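Please read the structure below before turning to the comments.
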Amino acid sequence: MNVGILTGGGDCPGLNPAIRGVVRRSIESYDYNILGIKNGWDGVIKGDFEPLTLSSVSGIIHRGGTILGTSRRNPLKKEEDMNKVKENLKKFDIDVLVAIGGDDTLSVANALWEMQMPCVGIPKTIDNDLSGTDYTFGFDTAVSIATDAIDRLHTTAESHHRVMVIELMGRHTGWIAVFAGLAGGADCILIPEVPFFIKDVIGLINKRKSRGKNFSIVVVAEGAKPEETDDYITQNDRVDDFGHKILGGIGELVSNLIEKESGIETRFTKLGHIQRGGTPTAFDRVLATRLGVAAADLINEKKFGYMVALRSNKIISVPINEALSLKRVDMELYDIAKVFFG
Ligand code: F6P
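Sequential numbering from 17 applies to the sequence shown in our numbering.
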């Protein structure tokens, strides 16, 4: 059996442990041949395949990023790209494809499965916004990095009596912002799920002031929107290959408005790709490893068109198309975070 494996979309800590899990289980338990595909769907289109052996995945469990490389190339955009995908999967004799990715990458795997190409999915994204799974790997690492950043902003905010605004990743959902904000003791958390009024943010800062607290921490997810705006706040009109706007700018806007309308000195930090880089946490390494091993088991069971997932701390499998809908922040959790606002 020849198994192809790729990582697509934004990278995240845990991809290497997941690849290692698939390869080790596939070779040691099932004697499959594994072909690593470079740079996501771009590598399938270009035929950029290389054998993966036990030694290729040795010593990678602690490494961030992905040894296979990744891209946001979307073959569904052009018929000729999709034809190349089908041609190369045939040419390299791929019996099953393992796609490790978020909703974009998995949507291509699902389309291939609908065309009878056996595919198995492994969910990943720091945003934790995929339905079908309780958590995606990468999220825990991103939350740890963001919490550490909030802790650091706290001490300087307190010393200077300033408001500190920190913009975190989270295009459609505010999972990272809510978890890191709760853990870091944020005084206000703005998320895409709940449009906001700047006067309410300033109200919370003033409430703290009236309690003698002359500094505040405001956490903003990059996809958060003011109540009066329908579209994302961005610095320019750039989009990626899947047509998503490149986000960033809402934190700076919130920071400027706070300073202008409250008169309190305010500073702004955008954590950006630091959240996606570096060593995965132990939680992400273990989750990614479990999912990787389970994906090889799914192939053995011939359960194609499915994705491995975490539910109530057990690894299960769900149809890939179930993962494609968005998992928004649990409002009960956001209500808990709100207890500590202001
Ligand atoms: O992977 C999802 C994500 O982390 C989003 O939160 C963010 O908007 C996007 O990636 C940024 O991706 P890129 O690496 O393409 O700038």
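Built from N, CA and C at the ideal position, the CB exists for glycine as well.
Note that the coordinates shown come from a computational prediction; the quantities given were computed from them, not determined experimentally.
Which class does N104 belong to by DSSP, given the choice of helix, strand or coil?
Shown here, N104 sits in a helix according to DSSP, grouped into three states.
Below 8 Å, how does it come out for the segment 102-111 and the segment 73-83: are there three or more Cβ pairs, yes or no?
With a cut-off of 8 Å, the segment 73-83 and the segment 102-111 do not count as touching, because too few Cβ pairs lie within range.
Give every residue of the same chain whose Cβ lies closer than 7 Å to the Cβ of F195, excluding the five residues on either side of it in the sequence, and list them in chain order.
In the same chain as F195, and ignoring 5 residues on each side of it, the C-beta atoms closer than 7 Å to its own belong to V159, in chain order.
Report the option in T295, Y350, E317, K102 whose CA atom is closest to the CA atom of F153.
For the residues T295, Y350, E317, K102, the minimum Cα distance to F153 belongs to T295.
For G75 and I35, what's the separation of their Cα atoms in angstroms?
In this structure, the CA atom of G75 is about 12 Å from the CA atom of I35.
How many Å lie between F356 and G197 at the Cα?
Approximately 10 Å between the Cα atoms of the pair.
Just curious, the beta strand (DSSP E) that E183 is in, first and last residue?
Its beta strand (DSSP E) spans residues 179-184.
So what's S237 in DSSP terms, helix, strand or just coil?
Checking the sequence shown, residue 237 turns out to be Ala, not Ser. DSSP places A237 in strand when its eight states are reduced to three.
Can G24 and G56 be called in contact, C-beta distance under 8 Å?
Judged by their CB atoms, G24 and G56 are nearer to each other than the 8 Å cut-off.
Would you mind working out which of I21, L31, R344, T245 sits nearest R292, comparing C-alpha positions?
The residue among I21, L31, R344, T245 with its C-alpha nearest the C-alpha of R292 is L31.
Cβ shell of D300 (< 7 Å), same chain only, five flanking positions each side left out
Same-chain partners within the cutoff: P29, G30, F153, G154, D156, T157.
Residue from N99, D58, A127, L105 with nearest C-alpha to R88
Minimum Cα distance to R88 is reached at D58.
Please tell me whether, using a cut-off of 7 Å, the distance from the CB of L31 to the nearest non-hydrogen atom of the ligand F6P is below it.
Not one heavy atom of the ligand F6P sits closer than 7 Å to the Cβ of L31.
Would you call the segment 334-351 in contact with the segment 316-326, where contact means no fewer than 3 C-beta pairs closer than 8 Å?
Inter-segment contact for the segment 334-351 and the segment 316-326 is present: three or more beta-carbon pairs are separated by less than 8 Å.
Quick check: is any heavy atom of the ligand F6P less than 7 Å from the C-beta of L263?
For the ligand F6P, at least one heavy atom lies less than 7 Å from the Cβ of L263.
Taking all protein chains shown into account, decide if A165 is buried (16 or more other Cβ within 10 angstroms of its Cβ) or exposed.
Classification for A165: buried.
Are the beta-carbon atoms of P139 and I77 separated by less than 8 Å?
Contact: no.
By the DSSP assignment, the alpha helix (DSSP H) with A298 in it spans what residues?
Run containing A298: 298-316, per the alpha helix (DSSP H) assignment.
Select from A193, T250, E209, A202 the residue whose C-alpha is nearest the C-alpha of E174.
Per the C-alpha coordinates, the member of A193, T250, E209, A202 positioned closest to E174 is A202.
Helix, strand or coil for Y322 per DSSP?
DSSP places Y322 in strand when its eight states are reduced to three.
For chain B, is any of its Cβ atoms less than 8 Å away from the one on L122?
The structure shown has no chain B; it contains just one protein chain.
4-residue-minimum alpha helix (DSSP H) runs that sit fully inside the segment 39-110, ordered along the chain:
Complete alpha helix (DSSP H) runs here, min 4: 57-62, 95-107.
Taking all protein chains shown into account, decide if T141 is buried (16 or more other Cβ within 10 angstroms of its Cβ) or exposed.
Buried.
Go to G381, then tell me how far its beta strand (DSSP E) extends in each direction, as first and last residue.
The structure shown has nothing for residue 381, since the chain only spans 17 to 358.
The ligand F6P and D143: does the residue's C-beta get closer than 7 Å to at least one heavy atom of that ligand?
Distances between the C-beta of D143 and the heavy atoms of the ligand F6P include at least one below 7 Å.
Which same chain residues, not among the five before or five after R224, have their C-beta less than 7 Å away from its C-beta?
These residues qualify, in order along the chain: D203, S232, G358.
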